[in-house]
Each structure stands twice: as C-alpha cells, then as structure tokens.
Amino acid sequence: AQTVTQSQPEMSVQEAETVTLSCTYDTSESDYYLFWYKQPPSRQMILVIRQEAYKQQNATENRFSVNFQKAAKSFSLKISDSQLGDAAMYFCAYGNAGGTSYGKLTFGQGTILTVHP
Amino acid sequence: DSGVTQTPKHLITATGQRVTLRCSPRSGDLSVYWYQQSLDQGLQFLIQYYNGEERAKGNILERFSAQQFPDLHSELNLSSLELGDSALYFCASSGGSGRETQYFGPGTRLLVL
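One line per chain: the protein sequences are A and B, in this order. Taking the numbering used here, the leading residue of the first sequence gets 66, the next gets one more, and so forth. Taking the numbering used here, the leading residue of the second sequence gets 82, the next gets one more, and so forth.
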C-alpha cells in the first residue's frame, strides 16, 4: 500500500517571502500522479497543483511550483511571494494510475501554513 | 466553486441512527469518490463509483454503503452510527475512471451525539 508523509505539522512564513512544504511517499509503482491540495478554514479542498510521475519537468502554477524527485520519492511545494490568502492546511496526495485502486487518492497528514503580515 | 455539490452541509444525529449524504458531480464527470476526514484518521478514501458501477473500495465500514444513480449523483448511506463516525465527508468527481484530477465538493459535516 502507498503511504504519504508530511513531516512538517506546521510552517510559517512572512508575507511576500518564499516557503517550501515537504512531502515524501512510498510506492512500488512506476506510474502515478501527485497533487497538492489546500484546505482553508472553510474546509473546502482546493487543488493547487498536479504532477505526473512520467514527466521530468516540475509543474508550475503561478506562484506555486513543485520539486519532484522521483528516485527519492519526494514532492515538495514551493510557494513564492506568499500572500495572506495562502494560509491554510496543505495536503500532499498520491494517486494510483492503475490496478484495483485506480483513482484512489492517498493523503498525507497535512501541514498548517501560517502567513504573517 | 468546484462544481461539485453536496447536501446537507451539516448533519447532527444520535448514535444508532442512519443518515444519507448526497453528492452531485460536476457536469460531465462520470466518477464520484467519497472521502472521510476525521481528526484521528485524517483524510481517507472510502469508495469510488464510475458511471454507476463500483470501481474501487477503500477503508469503508460495513455499516456504510454507497451507490451512484443513472443521473450520476451519488449517495453515501451511514447506518448504526457511532460517536467515532463524526467527521467531514467529502465527495469528489472526475471526468473518467481514475487518472483525471479530482475536484472536491464542500463536504458534509456529520456530528453524532
């Protein structure tokens, strides 16, 4: 079974600064996909970014980018120019790309990000 | 707004009761997924339906069941409720059977007293 680990229960950053959230995962599969989701106080799960395991290029979405290290099974999220609205719980998630659990997402424990003005 | 709707938003009930949570996927999406978010277990995958058929099963209790109807909406039935079933239940949808990005609804907050 796949596992996802977020080793930072809490992180903080000053507004306009850069912060990196860590995520590692364990899998024996070669094909899969990874996500970062954001959960603000409203509890809504909002997609931040997606990465395909077969792509070497790191995904980028505006101020959000990832550092995907497949061999190390590491998938970190970098938030540049942090804004107050970035404050939320961030979840790393692993998606199965085949087998009987095709489509299932496995989530990490989450990292609470605080942004200081 | 993800386009996924869930009703009700909040539900308060007593132990031993049965409740039904409803989910309408985004227009055109064929897959529906159910997840449970609790303080002690985190976010856990429960079950997936694709075009009316069960596709994948996770840590879903036998007291829980789900189905997807011909109009593609889905219902999650929770019976013989226990205090530990109190959680936020999310529905997500995606276009196909698995690889597509899942978009989450706002969740149903269940409190069992």
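Backbone N, C-alpha and C define an ideal beta-carbon position, used for all residues, glycine too.
| Asked | Found |
| --- | --- |
| Using three-state DSSP, classify residue 278 of chain B as helix, strand or coil. | Because chain B in this structure spans residues 82 to 194, residue 278 of chain B falls outside the shown range and cannot be described. |
| In three-state DSSP terms, what is residue 160 of chain A? | strand |
| In whole angstroms, give me the CA-to-CA distance for residue 185 of chain B and residue 176 of chain B. | 13 Å |
| Between the alpha carbons of residue 113 of chain B and residue 88 of chain A, how many angstroms are there, rounded? | 26 Å |
| How many angstroms separate the CA atom of residue 106 of chain A from the CA atom of residue 153 of chain A? | 7 Å |
| Flag this pair as touching only if the segment 90-97 of chain B and the segment 154-174 of chain B have three or more C-beta atom pairs under 8 Å; answer yes or no. | yes |
| Does the beta carbon of residue 119 of chain A come closer than 9 Å to any beta carbon on chain B? | no |
| Can you give the Cα-Cα distance for residue 86 of chain B and residue 103 of chain A, rounded to whole angstroms? | 18 Å |
| Give me the Cβ distance between residue 162 of chain A and residue 180 of chain B, rounded to the nearest whole Å; I'm assuming they're in contact under 8 Å. | 6 Å |
| For the segment 125-145 of chain B, list every residue whose C-beta sits within 9 Å of some C-beta in chain A, in sequence order. | 125, 126, 129, 131, 136, 137, 138, 139 |
| Check each candidate in B:106, B:84, B:91 and name the one with the smallest Cα separation from residue 149 of chain B. | B:106 |
| Output yes if chain A places a C-beta closer than 9 Å to the C-beta of residue 170 of chain B; else output no. | no |
| From residue 172 of chain B to residue 81 of chain A, what does the alpha carbon distance come to, in whole angstroms? | 34 Å |
| If you count every other CB in all the chains shown that lies within 10 Å of the CB of residue 68 of chain A, and 16 or more means buried, which is it? | exposed |
| For residue 149 of chain A, count the other beta carbons within 10 Å of its own beta carbon; 16 or more makes it buried, fewer makes it exposed. Which is it? | exposed |
| In or out: residue 176 of chain A buried (at least 16 other Cβ within 10 Å) or exposed? | buried |
| Along the chain, where does the beta strand (DSSP E) containing residue 91 of chain B start, and where does it finish? | 91-94 |
| Out of A:122, A:147, A:127, A:84, point me to the one whose CA is closest to residue 135 of chain A's CA. | A:122 |
| Buried or exposed: residue 84 of chain B, going by 16 or more other Cβ atoms within 10 Å of its Cβ? | exposed |
| Would you kindly check if the distance between the Cβ of residue 116 of chain A and the Cβ of residue 131 of chain A is under 9 Å? | yes |
| Can you check the segment 68-133 of chain A for any beta strand (DSSP E) of at least 3 residues that lies completely inside it and give the ranges in chain order? | 68-70, 75-79, 84-86, 89-91, 97-104, 111-117 |
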